[in-house]
Amino acid sequence: MKISGLWNYSETIETQPLFTEALPFFTPKYSDLFNAFYRKIRVEFNQYAEVSGAYISNAGSVEKTEKKDNKCNRISESASYNSLTHSKWADYIKEVKKYINRSYFSLAAGILITLLILYYFIKFSTYRIYGLDFKSYADNLVPRQRLGYVAERLKILFKENSGSANSFNNTMLIGVNASHIFEIRNSFKSWEEIEFYCLDFLELQNLNIDFETVKLDNPTLSLFFKEKNEKRINDLVSILDEKSSDHGKWVMIFIEHFEFGYNDLFFNKIKLRILKRFVDNPNIRVIISSEISPAKIYDFYEGSIRRLEKSIKKGDEKLLEKRKEIAIYKIDYKMWLHLLGGFYRLTIPFEYNNKFHSNNKLLKEELDHGRYLYKINEAFKKGPLEKDIPPEHQILLIQEIAYSYYFSIWNSLTKEERYTVFDIAKDKFVNTNNVDGIIDLLHKGVLVYDHSLRLMNESFTNFVLSKVDSDEALARELEQRKGGSWSTTSSVLFLVVISLIVFISFGEVSFLNDINALIGSIAAVFTLILRIGGIFTFGKSSG
3 MKISGLWNYS
13 ETIETQPLFT
23 EALPFFTPKY
33 SDLFNAFYRK
43 IRVEFNQYAE
53 VSGAYISNAG
63 SVEKTEKKDN
73 KCNRISESAS
83 YNSLTHSKWA
93 DYIKEVKKYI
103 NRSYFSLAAG
113 ILITLLILYY
123 FIKFSTYRIY
133 GLDFKSYADN
143 LVPRQRLGYV
153 AERLKILFKE
163 NSGSANSFNN
173 TMLIGVNASH
183 IFEIRNSFKS
193 WEEIEFYCLD
203 FLELQNLNID
213 FETVKLDNPT
223 LSLFFKEKNE
233 KRINDLVSIL
243 DEKSSDHGKW
253 VMIFIEHFEF
263 GYNDLFFNKI
273 KLRILKRFVD
283 NPNIRVIISS
293 EISPAKIYDF
303 YEGSIRRLEK
313 SIKKGDEKLL
323 EKRKEIAIYK
333 IDYKMWLHLL
343 GGFYRLTIPF
353 EYNNKFHSNN
363 KLLKEELDHG
373 RYLYKINEAF
383 KKGPLEKDIP
393 PEHQILLIQE
403 IAYSYYFSIW
413 NSLTKEERYT
423 VFDIAKDKFV
433 NTNNVDGIID
443 LLHKGVLVYD
453 HSLRLMNESF
463 TNFVLSKVDS
473 DEALARELEQ
483 RKGGSWSTTS
493 SVLFLVVISL
503 IVFISFGEVS
513 FLNDINALIG
523 SIAAVFTLIL
533 RIGGIFTFGK
543 SSG
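Plus 2 on top of the position in the sequence shown (first one is 1) and you've got my numbering.
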């Protein structure tokens, strides 16, 4: 008996579309682009149909068999067909089970790979946004010791290098509100193995001296160091002129308030003349105490040069004068790079008091950051903060008392450091591209690591936000910078949404046939998104 009208589903779908003739209004009018996309993502039943033998009949092409007069003949034909196909169904079912097992394995593998990618991506984003990468650095390389210990360590280092005939004998001590470095100065002053001289730049302008014509001879040095002992001045001049290493004692020159007048071209020239007289001498140890890092001096010269270059116009009557002024700035700038390049820079953090005791936990968190704030705690021991006062009111009172102190801290920061401090104060996020600035702030004590990077206390955080809001120019600059290259919040949310979409998409069976290609596509998309978000934008940082 001839049996026709049985074929594979894949053949049917190409020759005889189902339902379209009977119900033409179900036929959608899609574009070629959509049809191509749908063919790519639609669920693949062809392979399943081939394995399972899910045949269907085509009524339009089935040849009508002649009616049989005998009912038993039809029954026998049906039984014959069933007997032929029954043995094949068992094989088909086994193949289907194998296919399903392979599909579940591929699905599980795809989900596992996606979860791993999502985990490492979220970990990477979280570490960069909250600065978790700096935990090891903060725990191991940011000291929490007393200043007396720092002074003793420096003495040991100076002793070990006392016989070296080179000019790398100089140190620059940088600390927020550098008055707390006085203890180091006093320790060196009482050291019997050296001849100690102290020069305060803050008092130079009070001297009745014409700095343009003055020579750094005995009378001038006597005024600079406030030294009335002529023998000590003569010995110093002798060492400065000879530059030999035959002297029994070496000289230490301690320079205070180095930050004074850093944005004054004329006063900076005076500093340059003095430093050129003292450095590059194997018998002299120059120690500079400063509230600002050298980067802030460099920023002054770089900014002045850029400003003058932008102001130059063709046909300007003052063109030659401006070019001469630019040349002066460039000469002094290179001189600073040369002189300070031989100094070892040591950042002195706030001194934490091991004897700080208070029943008020908030006071401990707010005031255990240097001697200035510690003295406020001493005043509060029997004061109003021992009463039941809301924490926010206590923070506002501390901010009011320490306003000038916080202002001096803010003023000592470089522009890049201010950006970092403002970012953390604003939304607790940090731009980890500015690695140098973050490290400097950690060493100064302005930033601390407590589960993540944060400012030293809440009162200083409030000060930063109020200071930036009151400074309209700085606020605009910070907002432009934040919106242009470091829009952290929007980038992170966007990346998380995309990651979830990719994760859900693995539930489609059609994606399991080519996991490698899909992972490559995900990597390409992530790279594009990360570039848009600015996470891989490693800008130049100055700190």
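We put the CB at the ideal spot given by N, CA and C, even for glycine.
| Item | Value |
| --- | --- |
| Limits of the unbroken alpha helix (DSSP H) element including R275 | 267 to 280 |
| Beta-carbon proximity list for Y354, same chain, < 7 angstroms, skipping 5 on both sides | R146, D370 |
| Closest residue to L274 among S291, I333, W252 (Cα-Cα distance) | I333 |
| Opening and closing residue of the beta strand (DSSP E) in which D452 lies | 449 to 452 |
| I286, buried or exposed, once every other Cβ within 10 Å from all chains shown has been counted against 16 | buried |
| Segment contact, 8 angstroms Cβ cut-off, at least three pairs: the stretch 221 to 234 with the stretch 193 to 209 | yes |
| Stretch-stretch touch, CB-based, cutoff 8 angstroms, three pairs: the stretch 357 to 371 with the stretch 303 to 315 | no |
| Proximity below 8 angstroms, CB of S295 to CB of I257 | no |
| Proximity test, Cβ basis, 8 angstroms: D282 and chain D | Of the protein chains in this structure there is only one, and it is not chain D. |
| Whole-angstrom distance between F160 and E194, CA atom to CA atom | 13 angstroms |
| For M458, the first and last residue of its enclosing alpha helix (DSSP H) | Per DSSP, M458 belongs to no alpha helix (DSSP H) and is neither H nor E. |
| DSSP-derived helix/strand/coil call for N172 | strand |
| Buried versus exposed, by CB contacts within 10 Å (16 or more), S127 | buried |
| V253 - DSSP class collapsed to helix/strand/coil | strand |
| Proximity below 8 angstroms, CB of G439 to CB of F170 | no |
| Any non-hydrogen atom of the ligand MG within 7 angstroms of I124 CB | Among the components of this structure there are no ligands whatsoever, and the ligand MG is therefore not found. |
| Cβ shell of Y376 (< 8 angstroms), same chain only, five flanking positions each side left out | N355, F358, L369, D370 |
| As assigned by DSSP and simplified to three states, the class of V288 | strand |
| Touching by the beta-carbon criterion (3+ pairs, under 8 angstroms), the stretch 137 to 145 and the stretch 326 to 342 | no |
| Environment of P351 [buried if 16+ CB atoms lie within 10 Å] | buried |
| Buried or exposed by the 16-neighbour rule on C-beta atoms within 10 Å, applied to L321 | exposed |
| One or two residues paired with I391 in a DSSP bridge | DSSP, once it has assigned bridges, lists no residue as partnering I391. |
| K261 to L117 span [Cα, whole Å] | The displayed chain sequence assigns Glu, not Lys, to residue 261. E261 and L117: Cα-Cα distance of roughly 53 angstroms. |
| Between the CA atoms of E460 and K366 - distance to the nearest angstrom | 12 angstroms |
| Spatially closest choice to E419 from Q396, H445, E402, L398, by CA coordinates | H445 |
| Which of helix, strand or coil DSSP assigns to Y264 | coil |
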